[in-house]
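Residues in the sequence shown are numbered consecutively from 81, following the numbering used here.
Every residue gets a Cβ at the ideal spot worked out from N, C-alpha and C, and that includes glycine.
Since this is a predicted model, take the numbers as computed values, not measurements.
Notes to accompany the following structure.
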Amino acid sequence: MRADRLVATLLLMQARGRVTAKEVAAEFETSIATARRDLEALSAAGIPVYPQVGRGGGWQLLGGARTDLSGLTSAEARALFLLVGPAASLVPEAKSAIRKLVHALPDSFRRDAEAAAEAVVLDPARWGRPHRAQPPLVTELQAAVIQRRKVRLSYRGWDRDPVERLCDPWGLVEKNEVWYLLGGVDGAQRTFRIERIIWAVVTKDPADRPDDFDLAEAWDTVVRDVNQQRESASTIVVTNTAILPFLREQFGELAVEDTAIDDHRARVRISAPAEIMLARGLAGWGEYIDVLEPASVRSELMRLGAALVERNGP
81 MRADRLVATL LLMQARGRVT AKEVAAEFET SIATARRDLE ALSAAGIPVY
131 PQVGRGGGWQ LLGGARTDLS GLTSAEARAL FLLVGPAASL VPEAKSAIRK
181 LVHALPDSFR RDAEAAAEAV VLDPARWGRP HRAQPPLVTE LQAAVIQRRK
231 VRLSYRGWDR DPVERLCDPW GLVEKNEVWY LLGGVDGAQR TFRIERIIWA
281 VVTKDPADRP DDFDLAEAWD TVVRDVNQQR ESASTIVVTN TAILPFLREQ
331 FGELAVEDTA IDDHRARVRI SAPAEIMLAR GLAGWGEYID VLEPASVRSE
381 LMRLGAALVE RNGP
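This is the structure in structure tokens:
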């Protein structure tokens, strides 16, 4: 978790006085780019972390090194606990860690730090939908990433039979309550949806990880590729502007582009991976939508309508 790593980075700086991004990356087994972003995040949060340029330079806390948290000012303590506090609402271990860090502060700062840590709560569940439990394999795969051990797994894609893979685990990503494993298979990057992993065994073999691998950058690439796939099919419709929020909720914010016609109507381009998905998604809004193009989407809507009448009509 990044919040844990930020706190650990701060404590490392207080213990050593001055560190380089390369040293931080080696200490926490991240890329140099990730370590540099962590240091910049601490600085952006109001903690006096500054880079020193030139030979013998690096990053250090203004005012020198400390071996505990007592070197923080009141404002710095608030900034730190505002940054890491929300994690406590999701991870019990984070709550315990924050409690210990609070006790390491001077008495005069403790109340503000506790208030900052409790100022934000994250509720990942969406309205009307239950919260998805974290897949049991997440903890085991996290350990494999940290310990750099190869993982043998059985994976079932949504449209194919299970296959076995020997994977070098590089990192985990949680997006909208869905967990993904990014790793290498035969030297190529692969993305696995963890809930589709049937079983996984952490081996004793060391995993290979590219020296320049950056998890955040790799995930950005995955997201771009998925968004391109989501635009494989599109349709142009005219609809009442009142249902635009519902269309965005259904198809995704980036998949709906609208241009106003007047105060009540809009011309809308909607994208999806396939035309059948467009037709099925639009079928429930039939009385509010006129499909302009392509004709194949109109034909599919007509087929769906006829099927509904045949199955449910008098």
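Quick check: residue i and residue j, are their CB atoms within less than 9 angstroms of each other?
i: valine 317; j: aspartate 370; result: yes
i: tryptophan 259; j: glutamine 214; result: yes
i: alanine 115; j: alanine 101; result: yes
i: alanine 223; j: arginine 232; result: no
i: glutamine 140; j: arginine 85; result: no
i: aspartate 59; j: aspartate 248; result: With the chain covering only 81 through 394, there is no way to say anything about residue 59.
i: glutamate 194; j: phenylalanine 161; result: yes
i: proline 290; j: glycine 264; result: yes
i: glycine 393; j: glycine 366; result: no
i: valine 253; j: leucine 295; result: yes
I need the DSSP call for residue i, collapsed to helix, strand or coil.
i: proline 290; result: coil
i: glutamate 72; result: Nothing about residue 72 can be reported from this structure: the residues present for the chain run from 81 to 394 only.
i: tryptophan 365; result: coil
i: proline 394; result: coil
i: glutamate 198; result: coil
i: aspartate 148; result: For aspartate 148, the predicted structure reports a pLDDT of 48, less than 50, and the residue's modelled location is therefore unreliable. A value from the coordinates is still provided. The answer is coil: DSSP assigns aspartate 148 none of H, G, I, E or B.
i: aspartate 118; result: helix
i: glycine 263; result: strand
i: isoleucine 112; result: helix
i: valine 318; result: strand
i: alanine 268; result: strand
i: glutamine 427; result: Residue 427 is absent from the structure shown; the chain starts at 81 and stops at 394.
i: alanine 280; result: strand
i: proline 374; result: coil
i: glutamine 132; result: strand
i: alanine 125; result: coil
i: methionine 81; result: Confidence is the limiting factor: at methionine 81 the pLDDT is only 45, short of 50, which leaves the residue's position unreliable, though a coordinate-based value still follows. Note: methionine 81 maps to coil in three-state DSSP.
i: threonine 67; result: Past the boundaries of the shown model lies residue 67; the chain is included only from 81 to 394, so the question cannot be answered.
i: alanine 346; result: strand
i: arginine 212; result: coil
i: arginine 273; result: strand
i: arginine 158; result: helix
What separation, rounded to the nearest whole angstrom, lies between the Cα atoms of residue i and residue j?
i: isoleucine 278; j: arginine 245; result: 12 angstroms
i: alanine 313; j: serine 234; result: 31 angstroms
i: arginine 446; j: arginine 276; result: Since the first and last residues shown for the chain are 81 and 394, residue 446 lies out of range.
i: tryptophan 299; j: asparagine 256; result: 14 angstroms
i: tryptophan 250; j: valine 218; result: 13 angstroms
i: methionine 382; j: alanine 113; result: 53 angstroms
i: serine 111; j: arginine 273; result: 23 angstroms
i: alanine 280; j: glycine 237; result: 15 angstroms
i: aspartate 148; j: tryptophan 207; result: With a pLDDT of only 48 at aspartate 148, under 50, the local geometry of the prediction cannot be trusted, and the value read off the model is given with reservation. Whole-angstrom Cα-Cα distance: 42 angstroms.
For residue i, which beta-bridge partners are listed by DSSP?
i: alanine 352; result: Ala313
i: leucine 252; result: Leu261
i: glutamate 244; result: Ser234
i: valine 99; result: Trp139
Could you tell me whether any Cβ in chain C is nearer than 9 angstroms to the Cβ of residue i?
i: glutamine 222; result: The chain labelled as chain C is not found in the depicted structure, where only one protein chain is given.
Could you tell me whether the stretch 325-338 touches the stretch 349-361, using the rule of 3 or more Cβ pairs below 8 angstroms?
yes
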